[in-house]
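Here's what the structure looks like:
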């Protein structure tokens with residue numbers, strides 16, 4: 005049966021061109037939204053009908069930057085700084101991964117994403133140590149059921165160089181294995197999982213390396229994602245370096261941007277590129293002031309991302325709230341300091357829901373297919389149970405989704421018309437077995453490097 009009718013849910017719009025929230029039916033046929041409206045008539049023998057009364061329907065959430073390979077060490081770095089992260093996650097744990105560790109980490113990370121209603125994710129994977137690691141990553145993406153982009157990155161393979169030379173001086177040429185992946189696994193972009201370039205960029209590499217990776221991406225027809233504006237690393241002028249070495253293109257997503265100069269942000273805006281911000285992680289890790297207000301002033305509507313689950317949760321509700329709170333807190337504090345009382349809010353819940361859906365799809369180059377709920381789009385849909393104690397009764401559906409919901413409210417998740425979570429449980433995923441495998445990989449990795457965790461810090465075994 006390829007047809008599913010979601011009957012009587014409250015559909016939350018994210019596109020400014022769409023009207024207010026409304027109760028309606030959503031008909032999905034062969035993976036695509038075929039009709040939306042009241043009282044759609046279907047043949048029950050040829051269509052599964054699901055009662056959505058009391059549920060709120062949103063587009064699937066989109067995460068445009070997450071290091072899924074770090075999911076084996078969930079919350080281990082809850083009290084870490086960025087220096088702890090570079091020394092221990094990059095310097096010790098990452099280089100010790102096997103291909104099996106890679107597969108299991110990505111599978112449990114993608115399961116967490118789907119469980120929380122995140123249907124589309126850019127896996128910023130900079131731990132492609134060998135072709136076997138890359139093959140394992142591809143397999144994990146394909147087995148997950150998520151709509152995903154595997155970002156091919158090489159930062160971990162040249163880590164010693166980065167630690168020796170400091171920001172912006174890495175000279176190791178890029179691997180050509182990305183070409184094999186494109187030809188072997190991703191000959192077409194018309195599939196649920198895609199490939200992209202997770203480039204080292206100006207904060208890690210020289211202009212020669214920047215140019216070489218840009219050339220690879222261009223030859224292979226791949227979008228590019230680059231970390232920039234990371235605290236003091238941004239002093240090298242990464243956007244200026246990129247422009248000088250390879251030019252700035254609209255198919256590039258710039259991650260973080262916190263500590264970029266006004267000039268470099270303006271260059272991104274002029275290029276038509278997109279931005280991914282990770283406000284919750286950035287607040288914890290001292291990346292720099294959240295860039296959202298500066299981006300909006302330039303006409304850039306950012307997408308949102310978790311970044312890594314080693315110190316924050318992997319669900320998008322917290323990220324949306326962090327984005328909202330950071331901007332409101334900044335503006336409200338300035339108003340109070342000036343002696344006035346804020347009379348309006350600079351960012352709405354609808355704004356950040358748009359960042360987490362529509363703008364994410366735009367950043368991934370998939371807005372023509374996903375990111376909104378409208379006829380003709382592929383059916384990436386989340387149904388939230390609004391009859392629960394934390395959401396009922398619903399007065400303002402968008403506010404309920406952003407400010408009140410959590411993964412426990414996610415009753416149903418659909419990816420390109422296929423139900424991957426039903427009745428609050430993932431479909432075709434044995435979470436118990438997956439958790440056991442993750443624990444085994446976690447413990448084996450610590451043994452391999454002769455370390456253990458003590459009160460959140462990685463220390464040598466006794």
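Residue numbers (my numbering): 5 to 466.
Glycine included, each C-beta is placed from N, C-alpha and C at the ideal position.
- For the 9 angstroms CB-CB criterion, residue 287 and residue 326 form a contact.
- Residue 207 and residue 10 have their C-alpha atoms some 47 angstroms from each other.
- The three-state reading of DSSP puts residue 88 in helix, counting H, G and I together.
- For residue 321, no beta strand (DSSP E) segment is defined; the enclosing uninterrupted segment is the alpha helix (DSSP H) at 320 to 341.
- Annotation: the continuous alpha helix (DSSP H) that includes residue 445 extends over 435 to 453.
- Ranked by Cα distance from residue 461, the first of 362, 158, 91 is 91.
- Where residue 217 is concerned, there is no enclosing beta strand (DSSP E), although the alpha helix (DSSP H) around it starts and stops at 211 to 224.
- Counting the other Cβ atoms within 10 Å of the Cβ of residue 242 gives 16 or more, which makes it buried.
- Straight-line spacing of the CA atoms in residue 145 and residue 97 works out to 22 angstroms.
- Collapsing the DSSP output to three states places residue 129 in a strand.
- In the structure shown, residue 24 adopts coil according to DSSP, grouped into three states.
- Exposed is the label assigned to residue 333, since fewer than 16 other Cβ atoms lie within 10 Å of its Cβ.
- Under DSSP, the beta-bridge partners assigned to residue 41 are 29.
- For residue 188, the closest of 210, 278, 143 by C-alpha to C-alpha distance is 143.
- Using a Cβ distance threshold of 9 angstroms, residue 167 and residue 95 count as a contacting pair.
- Scanning 367, 450, 152, 289 for the CA closest to the CA of residue 234 turns up 289.
- Residue 109 is positioned such that its CB atom lies no closer than 9 angstroms to that of residue 457.
- In this structure, residue 62 sits near residue 385, with a CB-CB distance shorter than 9 angstroms.
- Here residue 209 has 174 as same chain residues with Cβ atoms under 6 angstroms from its own Cβ, once five neighbours each way along the sequence are excluded.
- Per the coordinates, the alpha-carbon of residue 363 lies some 20 angstroms from the alpha-carbon of residue 409.
- Below 8 angstroms, enough C-beta pairs join the region 266 to 285 and the region 250 to 258 to call them touching: three or more.
- In the DSSP assignment, the residues bridged to residue 429 are 426.
- Assignment of residue 56 by DSSP, reduced to helix, strand and coil, places it in the coil class.
- Residues of the same chain with a CB within less than 8 angstroms of the CB of residue 19, apart from the 5 flanking positions on each side, are 358, 362, 376, 378 in chain order.
- DSSP places residue 155 within a strand segment (E or B) once states are collapsed to three.
- Secondary structure in the region 133 to 195: the alpha helix (DSSP H) runs of 4 residues or longer, each lying completely within the stretch, are 135 to 148, 163 to 169, 181 to 189 in chain order.
- The C-beta separation of residue 292 from residue 273 comes to about 18 angstroms, leaving the pair out of contact by the 8 angstroms criterion.
- The beta strand (DSSP E) runs of length 3 or more contained entirely in the region 260 to 302 are, from start to end of the chain, 278 to 281.
- Under DSSP, residue 122 takes part in a beta bridge, and its partners are 65.
- Short of 7 angstroms from the beta carbon of residue 270, and not among the five residues preceding or following it, lie these beta carbons of its own chain, in chain order: 302.
- Residue 230 is a Cβ neighbour of residue 258, given a cutoff of 9 angstroms.
- Of the residues 239, 192, 71, the one whose Cα lies closest to the Cα of residue 159 is 71.
- Between residue 66 and residue 401, the CB-CB gap reaches or exceeds 9 angstroms.
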